[in-house]
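To start, the structure itself, in structure tokens.
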Amino acid sequence: MADVHLPRSLVALFPGAPRRLAATGATVAEVIADLDAQVPGIRNRLLDAGPVIRTHINVFVAGERATLTTPVPSDAVVHVVPAVSGG
62 MADVHLPRSL VALFPGAPRR LAATGATVAE VIADLDAQVP GIRNRLLDAG
112 PVIRTHINVF VAGERATLTT PVPSDAVVHV VPAVSGG
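FYI, the numbering for the sequence shown is 62 to 148, going by the working numbering.
This is the structure in structure tokens:
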């Protein structure tokens, strides 16, 4: 199972949800589907229609930026990070 770390800003939208979850899936898309089974509605906060990862969300698998098709080894650490912008 992948060890998924979620940002506090996202977890705040789902009272009682932990910041760290174990999720299964061979790809990022499958891991997100498993997260959505554990925390209903989280998929809609991470993905836009298409589906594609929302512009303001970054997903990293083992420290490398990922897409929905990126493979996720069973022992991977996955970080979901909100994008930071400003001027």
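By construction, the Cβ of each residue, glycine as well, lies at the ideal position given by its N, Cα and C atoms.
Because the structure is a prediction, the values reported are computed rather than measured.
Taking Cβ positions, are Val122 and Pro112 nearer each other than 9 angstroms?
The residue given as residue 122 occupies position 61 in the sequence shown. The residue given as residue 112 occupies position 51 in the sequence shown. Not closer than 9 angstroms, so no.
Spatial distance of Asp64 from Ala84 (CA atoms):
Locating residue 64 in the sequence shown gives position 3, where the first residue counts as 1. Locating residue 84 in the sequence shown gives position 23, where the first residue counts as 1. The straight-line gap from Cα to Cα measures roughly 7 angstroms.
So, using beta-carbon positions, are Ile103 and Leu71 closer together than 9 angstroms?
What you label residue 103 is simply residue 42 of the sequence shown in a count that begins at 1. What you label residue 71 is simply residue 10 of the sequence shown in a count that begins at 1. Their beta carbons are under 9 angstroms apart, which means Ile103 touches Leu71 by this criterion.
DSSP three-state call for Ala94: helix, strand or coil?
Taking the sequence shown and counting its residues from 1, one reaches residue 94 at position 33. Correct three-state label for Ala94: helix.
Please state whether DSSP places Leu74 in a helix, a strand or coil.
To locate residue 74, count along the sequence shown from 1; it is residue 13. Coil, per DSSP.
Return the Cβ separation of Ala144 and Val89 in integer angstroms, given the expectation that the two are a contact with Cβ distance under 8 angstroms.
Residue 144 sits at position 83 when you count from the first residue of the sequence shown. Residue 89 sits at position 28 when you count from the first residue of the sequence shown. In fact, because the Cβ distance is near 16 angstroms, the residues do not count as touching under 8 angstroms.
Length of the line joining the Cα atoms of Asp95 and Asn105:
For the purposes of this step, residue 95 is taken as the residue at position 34 of the sequence shown. For the purposes of this step, residue 105 is taken as the residue at position 44 of the sequence shown. The straight-line gap from Cα to Cα measures roughly 13 angstroms.
Relative to the alpha-carbon of Leu74, which residue among Val142, Gly86, Val100 and Ile93 has its alpha-carbon at the smallest distance?
By one-based count along the sequence shown, residue 74 stands at place 13. Comparing Cα positions, the closest option is Val100.
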